[in-house]
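*Asks:*
In my numbering, the protein residues as written are 1 to 124.
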């Protein structure tokens, strides 16, 4: 039986208050491209929020980055622990390392999986 890799609204952090709650816990892991903040959420599932600053580029570029990161999370959500809220933010190093034309799913997924592995080790 195939597992469903949905990303319903219940699994999203959307309110400013939710983002602040994750940032206040100040547990984070990072790599060259992304910073991942973590906070317990007392639920049986994980939730994701994505924040891309205006320094990343215009709205088209920021939305493309968000779509890539959401898809990386959606396809690999079984690799990160349940019961936590995750806030993904783009590291300023992303812009130093890659041109805006180089935005691709493989880079985003590789970076996300690296963080997911580090999160699993840090939490357990």
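Glycine included, every Cβ here is placed at the ideal spot set by N, Cα and C.
Take residue 50 and list the residues in its own chain whose beta-carbon comes closer than 7 Å to its own, dropping the five residues that flank it on each side.
*Replies:* The residues are 66, 69, 70, 88.
*Asks:* Helix or strand or just coil, what does DSSP make of residue 1?
*Replies:* Interpretation of residue 1 is limited by its pLDDT of 47, a score under 50 that renders its predicted location unreliable; no figure is taken from the coordinates.
*Asks:* Would residue 85 pass as a contact of residue 22 if the rule is Cβ separation under 8 Å?
*Replies:* Their beta carbons are under 8 Å apart, which means residue 85 touches residue 22 by this criterion.
*Asks:* Among the residues of its own chain, which have a CB less than 8 Å from the CB of residue 42, if the five just before and after it don't count?
*Replies:* The residues are 83.
*Asks:* What does DSSP give as the partner residues of residue 62 in its beta bridges?
*Replies:* According to DSSP, residue 62 bridges with nothing at all.
*Asks:* Using the rule of at least 16 other Cβ atoms within 10 Å of the residue's Cβ for burial, across every protein chain shown, is residue 44 buried or exposed?
*Replies:* The residue in question, residue 44, is exposed, as its Cβ has fewer than 16 Cβ neighbours within 10 Å.
*Asks:* Looking at the strands, I want to know which residues DSSP matches up with residue 30.
*Replies:* In DSSP, residue 30 forms a bridge with 35.
*Asks:* Let me know if residue 79 comes out buried or exposed under the rule of 16 or more other beta-carbons within 10 Å of its beta-carbon.
*Replies:* It counts as exposed.
*Asks:* Taking the straight line between their C-alpha atoms, what separation do you get for residue 19 and residue 32?
*Replies:* Taking the straight line joining both Cα atoms gives about 22 Å.
*Asks:* Leaving aside the five residues before and after residue 12 along the sequence, list all residues of the same chain whose C-beta is less than 6 Å from its C-beta, in chain order.
*Replies:* Closer than 6 Å at the Cβ level, and outside the excluded window around residue 12, lies no residue.
*Asks:* Spatial neighbours of residue 103 within its chain, please: CB distance less than 7 Å, with the 5 preceding and 5 following residues excluded, ordered by chain position.
*Replies:* The residues are 64, 65, 68.
*Asks:* Can you tell me where the alpha helix (DSSP H) with residue 24 in it begins and where it stops?
*Replies:* Taken as a continuous stretch (DSSP letters only), the alpha helix (DSSP H) holding residue 24 covers 16-25.
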